[in-house]
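Enquirer: Following this message is one structure expressed as structure tokens.
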Amino acid sequence: RKEVEQDPGPFNVPEGATVAFNCTYSNSASQSFFWYRQDCRKEPKLLMSVYSSGNEDGRFTAQLNRASQYISLLIRDSKLSDSATYLCVVNKDGQNFVFGPGTRLSVLP
Amino acid sequence: EPEVTQTPSHQVTQMGQEVILRCVPISNHLYFYWYRQILGQKVEFLVSFYNNEISEKSEIFDDQFSVERPDGSNFTLKIRSTKLEDSAMYFCASSEGTSGGPDTQYFGPGTRLTVL
Numbered sequence: 007r008k009e010v011e012q013d014p015g016p017f018n019v020p021e022g023a024t025v026a027f028n029c030t031y032s033n034s035a036s037q038s039f040f041w042y043r044q045d046c047r048k049e050p051k052l053l054m055s056v057y058s059s060g061n062e063d064g065r066f067t068a069q070l071n072r073a074s075q076y077i078s079l080l081i082r083d084s085k086l087s088d089s090a091t092y093l094c095v096v097n098k099d100g101q102n103f104v105f106g107p108g109t110r111l112s113v114l115p
Numbered sequence: 004e005p006e007v008t009q010t011p012s013h014q015v016t017q018m019g020q021e022v023i024l025r026c027v028p029i030s031n032h033l034y035f036y037w038y039r040q041i042l043g044q045k046v047e048f049l050v051s052f053y054n055n056e057i058s059e060k061s062e063i064f065d066d067q068f069s070v071e072r073p074d075g076s077n078f079t080l081k082i083r084s085t086k087l088e089d090s091a092m093y094f095c096a097s098s099e100g101t102s103g104g105p106d107t108q109y110f111g112p113g114t115r116l117t118v119l
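Here the protein sequences come in this chain order: W and F.
Using the working numbering, the letters of the first sequence map in sequence onto residues 7 to 115.
Using the working numbering, the letters of the second sequence map in sequence onto residues 4 to 119.
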């Protein structure tokens with residue numbers, strides 16, 4: 007099993023749609039979880055950290071299920087500017103971070 | 004807003020040559036990282052660096068790679084004898100490291116390395 011797996015995508019959705027991404031991780035000892043976004047040929051940028059209780063930042067909601075080793079990201083009222091690749095990142099141990107392969111989102115007018 | 008910077012933005016080299024990729028992390032950050040991303044593939048962890056020594060490294064980070072913090076601001080990645088498969092985007096990142104555990108990383112814009 008790969009360390010971090012994500013929905014393969016791509017997701018093509020109309021503006022205003024709600025879209026959800028899923029991520030699973032294999033190391034049950036992982037402690038920290040993040041969602042990053044990456045635009046084409048650009049660096050990853052932090053979208054949000056994922057906390058055990060779940061957290062929300064505007065249109066974005068992240069959930070963590072430790073028992074199932076599963077992380078999700080929900081984007082509501084999607085905008086054209088949300089088009090990017092969304093990366094699930096899991097802290098493996100210490101300062102070793104594992105990136106998922108990413109899920110590409112295209113928001114269409 | 005402080006940011007991580009990297010130079011050069013693009014480096015072209017011949018196979019077998021040594022290259023040094025440079026990064027200036029955010030000034031009050033304590034942890035520094037190098038990642039690579041081969042075109043069309045996922046971001047891969049190479050190494051983390053703390054208190055002037057390597058704290059973690061991946062299987063990719065073999066004897067051909069080394070890192071150094073030669074002064075108070077720069078953080079470098081050296082590839083001794085480049086191979087064709089080293090062609091990739093190399094990202095530097097830094098994090099505060101004050102929480103005692105893994106925390107948010109801030110990435111530089113990357114150096115695109117092309118090995119011919």
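Just so you know, even glycine gets a beta-carbon here, dropped at the ideal spot from N, CA and C.
What you are looking at is a predicted structure, and each value in this text was computed from that prediction instead of being measured.
What did DSSP end up calling W/ASP45 once you bin it into helix, strand or coil?
Expert: coil
Enquirer: Who pairs with F/TYR34 in a beta bridge, going by DSSP?
Expert: F/TYR53, F/SER98
Enquirer: Would the region 90–99 of chain F and the region 37–47 of chain F be scored as touching if the rule is three or more Cβ pairs under 8 Å?
Expert: Taking a cut-off of 8 Å for Cβ pairs, the region 90–99 of chain F and the region 37–47 of chain F touch, as three or more such pairs fall below it.
Enquirer: Starting from the C-beta of W/ARG65, find all residues in its chain whose C-beta is less than 7 Å away, skip the five residues before and the five after it, and write them out in chain order.
Expert: Cβ neighbours of W/ARG65 beyond the five flanking positions: ILE81, ARG82, ASP83.
Enquirer: Comparing alpha-carbon positions, which option in F/VAL118, F/GLU56, F/LYS86, F/GLY19 lies nearest F/ARG72?
Expert: F/GLU56
Enquirer: Using 10 angstroms around the beta-carbon of F/ASN54, count the other beta-carbons present and answer buried if the total reaches 16, otherwise exposed.
Expert: That one is exposed.
Enquirer: Could you tell me the boundaries of the beta strand (DSSP E) in which W/VAL19 lies?
Expert: 17–20
Enquirer: Check the C-beta distance from W/SER6 over to W/SER112 and give it rounded, since I have them as a contact under 8 Å.
Expert: Any answer about residue 6 of chain W is impossible in this case: the structure gives chain W only from 7 up to 115.
Enquirer: Going straight from the alpha carbon of F/GLY113 to that of W/ASN97, what length do you get?
Expert: Roughly 21 Å separates the two Cα atoms.
Enquirer: Whole angstroms is fine: what's the gap from W/LYS85's alpha carbon to W/LEU70's?
Expert: Their backbone Cα atoms lie some 24 Å apart in a straight line.
Enquirer: Applying the criterion that 16 or more other CB atoms from any shown protein chain within 10 Å of the CB defines a buried residue, is F/ILE98 buried or exposed?
Expert: Per the sequence shown, the amino acid found at residue 98 of chain F is Ser instead of Ile. Residue burial annotation: F/SER98 is buried, with at least 16 other C-beta atoms found within 10 angstroms of its C-beta.
Enquirer: Excluding sequence positions up to five away, which residues of its chain have a Cβ less than 7 Å from the Cβ of F/ASP106?
Expert: SER98, GLU99, GLY100
Enquirer: For F/VAL70, would you say it is in contact with chain W, using Cβ-to-Cβ distances shorter than 8 Å as the test?
Expert: no
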